[in-house]
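Chains as they are written, first to last, in my numbering: chain A, -2 to 224; chain B, -2 to 224; chain C, -2 to 224; chain D, -2 to 224; chain E, -2 to 224; chain F, -2 to 224; chain G, 40 to 306; chain H, 40 to 306. The C-beta atom is built at its ideal place from N, Cα and C for all residues, glycine as well. Given the structure is predicted, the values throughout are model-derived calculations rather than measurements.
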Ligand SMILES: [Mn+2]
Ligand SMILES: [Mn+2]
């Protein structure tokens, strides 16, 4: 029967699509697991003892990013490149998390803002859409904003750990970031909402610096220079 | 300043993207306007007087679909083909409406189910993704389901207009459609939800046929044959 | 570190659990597919032509239930028997559908209410929890209520097919069912909600019987006195 | 210490309140059970055989209302009278059901609209709030509207049972009721929504009368005068 | 016609209810205005200059409470006493604000916790529900918790105003209050949520006391004994 | 056909309206961009280095307001003057931001509250509706409240920058503002909600003053007696 | 008054400015409140007119009901005159939210009245033409034919296209109710007329689609439901009527109708 | 009873079958209701234990509070024994929804008790080890050290990993409260210990992420808020403490603490 045949044929299409999605979901699950491991590793810098071990933790994190690259490499093989946006929702969340982790790693290493090129290199993917599986600029920015929130927490905990100079450096960094974001013309999208959270991070860090200043605790480290 | 430069550069990306979306939105608005005109035209078949004029209305609708083809042709030029799914949401709604209108048109002309190939031809687009701007199978099916709902209304109104044989034909058609859909393995997605509505259409039409049967109103037209 | 170890330990539990669920989901999908096939088969009795072929369709359906038994047999192997209710949600829906299909089958064959024992036998499972994979009484009852809805549709369509006595028999059957359900002390649970739908089925069938009565179409079939 | 004593004293208040609510809930559950029994009893009038037994069923129902009075009497003892509205939500639902049952009972007995005074007497409560546990006018009206729906079903089933005059009487009764409700200035509250359903009951009953009229089955009863 | 008369009569009831609500709303608006005036008056104690004028401000506030009593007296006349809970929502908010203001006033006068009896007296209403328009214990407690928040602000500002002993007295007072609340078995209701905020007030005040202690600014007042 | 004509006529209205809105939206976007630039400029005063450069930044901001005046001039041409409130929602947000920026600018220059007349002059618009595109008093007040929030941040950061007298001046200013607002009879509108936020700014500034007081850091700046 | 005495600096320019704001805000708010109240009155009386108009399905003298409703609607127009008075010299849209519910309900009532009388859709122009008021004479009945005397200033009220659309959208609900009552009362023509009219309005709204304001799109669903109910009612009439010759039907219903008249006569 | 008399066919097989179902459903439902009630008791008593345990921040004799709480928790365990009794021979998961709130609250209470005593996280194993009950002796106090006598059958209750996780998630809220009270009462160590412990739990939950059941993910947000409050509290302590030599702090707080003790002594 003609209608029956047609629908059987269509079912073929639907099944193929569902299989791709199933495959993607599996790789994404593994990616999320690794991302969580890196997070657990990097989050330990908030512990008082963690501050001294930042370099060794960064090294370990860099190793875990090797695994991430392997998984992302596998992910690319699951679908043809021009369907990136068809399945984008599946990995968007984890990709933003990974961008955040890369940004946080680079900040801990060098106290500077990771570029999109660096993130892309750490993740083993592309900047430009035409070249293959890439990192959308919105996802990069989302990752950077998640890091800003983590830094406000870091400012608080570095004081607890007795490091009174770090909050000042974080404050300068976050102010620069804030000025950067203000150059962007963000629509009423998820990114805009995330950006609105940045001003609370800025304020929080300013209050930490204030608490140190009024007690004269910023004075002694004033000679630390360029770090 | 490096961060500033980077963000200025990123703003360039975002602006380009927003412009594309703005362009797409404009074409889609025009498409929606034309779709509404076709709808108004085809919906007039529900008026008692409309039943006699079905052929002439179909001819007019075919003419309006020329305009649709022009607009869809223009839409394709607004973005590069591999970004179809990036912007899919913008035209998905209107594309489903157009698929519905094409399906309704073909049903009114021939009382048969439009194929995806026919829809695609009426709209001047492609079946296969690789060949260019195409019609997703889900969007085709959504269009068919919207038509099913329109047909249950048509069954009611044809009785009011004194045509007692049409509901029987619609009933057979819709039952075939229902069997077809039951072959599909639909997930819990919007399509599934729409399909769940089909059983109400089936029931509604069965009740119309019942009302005619119990009053012996199906007998006289039994000789109508192939129409 | 102790807290970390604890969480690793729990994570082990959760992973094992997820794997079982994944396995179950796969079998359930296949079951749903078979259930849809049986449904397509049995629903064809609503077609005017279908009324004569009820016996042959029932035979075919009985064959398809063999496949169901195989799949349910496989499902049992996916988890240890005392954890039935841990994963109940996964198959509850399809099991109710299968109970419905078995009930509908038996009704079409004998115009009597399927017993729980019969359903269990058709599905190749157990009545009592202690004996293994079983059919909950709530799921059995849910299946029966889905059938009631199908019967209200059947009453309508048997009139269309010219069978004026069936609606009366269905009416008696459904009234008995309603009396049965009214014995139960249903709480505000899903079953209660489903049962609330029964009164619409009762009403619908009453209206069909009314339509037949007022036209004197119930006379010939029985000697029920002045009615 | 004084503050401690005060708070202990306050805790007494809070606990008492919770206990009252628990007590009320228990009585309300029993009331709901009895209400279901009365419903089962009165609904059996829809059965063809039920029409002759209306008087005996009404007698039995009156007996069951004794139990209701006992339970409502018990309910009153659970809280002091001026807290009626504090706990109103707990019994509002069941009270509307009971008002419906009383209204249906009185209709079956005398084919007239129960007054609020009669309902209140059947339930053993008060009309006027000042005198004790009373029936809110909104709850009385809700009960009446539930009965209207039951009557549209009764009209259909009396035809099936061969009683052709009852639908006309029901029709007049329900029209009168509808005129009454049109006098009320209902807000967009639950009552208004319920009232909107009355139109469909009116329409359904009119259709039954219509079916009887065109067959000349209403003639013999035409002499019933102004009722 | 009897049904018409009955419904006209019922419409009378419904209109009366709406009028009562309208009347209540008007009085409540005036009450809110007076409450705002008392608040402005009492909040001026936070100004450095305000500390000396506490007694005179309390006197003025007492005068304004005369107006409150008049309005509440008027409110009572709008409905019969046993309908308190029917309309409770209308005045609940303002009553809690007034309880807060009374509690704050009494604290400023005597540095002790206002009892429910005192609040009730200041507002010219009743403690016991049976006696008339009363203050629910939940509303009394809500008022007390709003005051606690005001006191944490007062502790900060008294330091600014050079009064170093007041924060200690506030601290003891608020600790006593906290112990009291711990005796209550609060459900997850609005009151519980409000109570959760008390901890932060306690903490804030303790921090002020801490700041004073480490500077030896609490010494001179240490002789105040058990207060 | 008359109904069709009527709808075409209305459609004409709607299309014209949409075009105007589109035009307005474009100008408003540009305004928002400029407003963000002014904000970036003025917010740099929060930086420790920024305090010395306040005058030069104010001069630069005054220059950017020229651009604002040009854009607002263009905005006026997009619709006829008596339809200000028809499209108010489109520019309300940005106009409040601009009022805030003007208020902040004037505060930085003179430490006084900008008048509505001054804001209007800075923006090149009118005070009175009758004279043309004007500034609603609510929008002016909203701008002032946004500034209050900015000032609480400034109080914190001036301590960081070592300026201990500014917080006291801000505290006086904000208290005066608070008194002003308490004169207003705010309804439950957006302004009221914004005003509710003012108390947190007041509290924050009070805490800064407290921190300075307890450390004796307020002594040198004025002769305020024993405080 | 009292409040002012409490502030610290009585004579500060800030406080002075806020006193001005207080006055301005209160004035605006009071006007808004007055408009809300007027709108509420307009709503209630319009609803009452609609209630009244629904009686046409059950009485024999339609003209009488229409005349009575017209008097009621005249009263509503007087109240709209008071709104126009309040808006004199103001920007209509500034207070639009205050009175839009009332105006929509009036559009619903007046278009219902018009449909019953003429079986067509009243135009926005016709609606606005009736909303002319003489200055200082708004308390008197403003009869339509009256010539504006030179000494009187004319005050107008303009219903916006959106309010017109929203009122017409609600009209469909009333038409549905009327249609269903008509079926009950054996009126064989009204249901079919209503269903054709409703289809036209439905097609009109689908022509406008989502280009109108959000509130319009929101009402589309209800409109579609009303249409479907009316189409079902016509269908039922047709199917049930098919069992008996038309001239017999008339008989049946004339006797029903007279029975109903008797009942109503007493009410 | 009465109901049955009303049915038309008293002896039909359908009615007979439904009588069986009635019995089965009622039995199941009654058991469910009993379990809900037991769970509610477990919840209330666990909450009371937690309330009690919060006193450790303001009294000098922590051991006394711990002992008192232990007795209370013993009572809770007895009630869990009753749950185990109800579940004997049943599929635990069939009634899981009935008692899961109580069990989670118990986990919260017992892990709070454990943390105060040992400053570590109690393991799921340790929790389950305490939930051993002697058959027919559940009404007597089940002291932990007691040897199971051969004549008695042992009944166990197994807390599921998910309930354990959810209980621990709620524990963080209590830890936050304890931390904030400690700051107020001059306890300089507890806040830092709590913050380290809470960070570990937080890291543990982020390790599990969204692989657990939905309810766990839902609690992550609250957990993060608690952590942030605790970190803020430690920060405040550190920053304020930085202005004065440590030995002076001790002085300050010992005098404060004794003051509080006096107050509490009277209560
Ligand atoms: Mn309406
Ligand atoms: Mn808790």
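Under 8 Å, with one C-beta from each stretch per pair, do the segment 198 to 206 of chain A and the segment 177 to 190 of chain A reach the 3-pair mark?
no
CB residue 247(H) to CB residue 8(C), shorter than 8 Å?
Here the question's residue 247(H) lines up with position 208 in the eighth chain. Here the question's residue 8(C) lines up with position 11 in the third chain. Cβ distance < 8 Å, so residue 247(H) and residue 8(C) count as in contact.
When DSSP labels each residue in this structure, what does residue 171(G) get in the three-state scheme?
Working through the seventh chain from its first residue, we reach residue 171(G) at position 132. In this structure, residue 171(G) counts as strand in the three-state DSSP scheme.
For my contact list, residue 237(A) and residue 75(A) are in at a C-beta cut-off of 8 Å; report their separation, rounded to the angstrom.
In the structure displayed, chain A extends from -2 to 224; residue 237(A) sits before or after that span and is not available.
Using a 10 Å radius around the Cβ and a threshold of 16 neighbouring Cβ atoms, would you call residue 198(A) buried or exposed?
Locating residue 198(A) in the first chain gives position 201, counting from the first residue. By the neighbour-count rule (16 or more Cβ atoms within 10 Å), residue 198(A) is buried.
DSSP state of residue 108(B), grouped into three classes?
Taking the second chain and counting its residues from 1, one reaches residue 108(B) at position 111. Residue state, collapsed to three classes: coil.
Please confirm if the segment 70 to 83 of chain H is in contact with the segment 91 to 106 of chain H, defined as three or more CB-CB distances below 8 Å between the two stretches.
no
Any beta carbon of chain G sitting closer than 8 Å to that of residue 108(D)?
On the fourth chain, position 111 is the one that residue 108(D) refers to. No, residue 108(D) does not count as interfacial toward chain G.
Quick test of your reading: residue 144(G) and residue 58(G), contact by CB under 8 Å. State the CB separation rounded to the nearest angstrom.
Within the seventh chain, the letter at position 105 stands for residue 144(G). Within the seventh chain, the letter at position 19 stands for residue 58(G). So it is not a contact: roughly 39 Å between Cβ atoms.
Can you name, in chain order, every residue of its own chain whose Cβ lies under 6 Å from the Cβ of residue 158(B), other than the five neighbours on each side?
As a working mapping, residue 158(B) is identified with position 161 in the second chain. If we look at residue 158(B) and ignore the five residues flanking it on each side, its Cβ neighbours are 45, 48.
C-alpha gap between residue 1(A) and residue 94(B), whole angstroms
As a position in the first chain, residue 1(A) is number 4, starting the count at 1. As a position in the second chain, residue 94(B) is number 97, starting the count at 1. Cα to Cα, residue 1(A) sits roughly 24 Å from residue 94(B).
Given a cut-off of 8 Å, decide if residue 208(B) and residue 278(G) are closer than it, judged by their beta-carbon atoms.
Numbered from its first residue, the seventh chain carries residue 278(G) at position 239. Numbered from its first residue, the second chain carries residue 208(B) at position 211. Going by C-beta atoms, residue 278(G) is nearer than 8 Å to residue 208(B).
Quick check on residue 199(E) - is its C-beta less than 8 Å from some C-beta in chain F?
Within the fifth chain, numbered from 1, the residue matching residue 199(E) stands at position 202. Cβ-Cβ to chain F under 8 Å: no for residue 199(E).
Please name the residue in 212(H), 66(H), 250(H) whose C-alpha comes closest to that of residue 30(A).
Position 33 of the first chain, counted from the start, is the residue given in the question as residue 30(A). Answer by Cα proximity: 250(H).
Using a threshold of 8 Å, state whether the C-beta atoms of residue 151(F) and residue 215(F) are closer than that.
Residue 151(F) sits at position 154 when you count from the first residue of the sixth chain. Residue 215(F) sits at position 218 when you count from the first residue of the sixth chain. Not a contact, by the Cβ cut-off of 8 Å.
Nearest-angstrom Cα distance between residue 140(G) and residue 115(G)?
On the seventh chain, residue 140(G) is found 101 positions in, with the first residue counted as 1. On the seventh chain, residue 115(G) is found 76 positions in, with the first residue counted as 1. Going from the Cα of residue 140(G) to the Cα of residue 115(G) covers about 13 Å.
Would you kindly report the start and end of the unbroken alpha helix (DSSP H) that includes residue 275(H)?
To locate residue 275(H), count along the eighth chain from 1; it is residue 236. 253 to 280 is the span of the alpha helix (DSSP H), which, as asked, contains residue 275(H).
First and last residue of the beta strand (DSSP E) that includes residue 193(H)?
For this step, residue 193(H) is matched to residue 154 along the eighth chain. 193 to 195 is the extent of the beta strand (DSSP E) around residue 193(H).
Listed by chain order, chain K residues near residue 182(C) by CB distance under 9 Å:
In the structure shown, chain K does not exist; the protein chains are A, B, C, D, E, F, G and H.
If you draw a straight line from the C-alpha of residue 116(D) to the C-alpha of residue 58(D), how long is it?
The residue labelled residue 116(D) in the question sits at position 119 within the fourth chain. The residue labelled residue 58(D) in the question sits at position 61 within the fourth chain. If you take the alpha carbons of residue 116(D) and residue 58(D), they lie about 14 Å apart.
Taking 8 Å as the threshold (C-beta atoms), are residue 105(C) and residue 65(C) in contact?
Locating residue 65(C) in the third chain gives position 68, counting from the first residue. Locating residue 105(C) in the third chain gives position 108, counting from the first residue. The answer is no: Cβ separation not under 8 Å.
With hydrogens ignored, establish whether the beta-carbon of residue 115(D) is closer than 7 Å to any heavy atom of ligand 1.
To locate residue 115(D), count along the fourth chain from 1; it is residue 118. No, the beta carbon of residue 115(D) sits no closer than 7 Å to any heavy atom of ligand 1.
Give the range of the alpha helix (DSSP H) segment to which residue 243(G) is assigned.
The residue labelled residue 243(G) in the question sits at position 204 within the seventh chain. Here the alpha helix (DSSP H) through residue 243(G) covers 229 to 247.
C-alpha distance - residue 175(A) paired with residue 147(F), whole-angstrom precision
Start at 1 with the first residue of the first chain, and residue 175(A) comes out as number 178. Start at 1 with the first residue of the sixth chain, and residue 147(F) comes out as number 150. Using only the alpha carbons, I get a separation of about 15 Å.
Taking 8 Å as the CB-CB cut-off, is residue 204(E) touching chain D?
Taking the fifth chain and counting its residues from 1, one reaches residue 204(E) at position 207. No, residue 204(E) does not count as interfacial toward chain D.
Integer Cβ distance of residue 150(G) from residue 207(G), believed to fall under 8 Å:
Looking up residue 150(G) in the seventh chain gives position 111. Looking up residue 207(G) in the seventh chain gives position 168. Between residue 150(G) and residue 207(G), the beta carbon gap of about 6 Å places them in contact (Cβ cut-off 8 Å).
Is any beta-carbon of chain A found at less than 8 Å from that of residue 150(F)?
The count along the sixth chain starts at 1 and reaches residue 150(F) at position 153. Yes, residue 150(F) lies at the interface with chain A (some Cβ there is under 8 Å from its Cβ).
Using a threshold of 7 Å, is the CB atom of residue 89(G) nearer than that to any non-hydrogen atom of ligand 1?
Within the seventh chain, residue 89(G) is the residue found at index 50, counting from 1. It does: the Cβ of residue 89(G) is within 7 Å (strictly closer) of some heavy atom of ligand 1.
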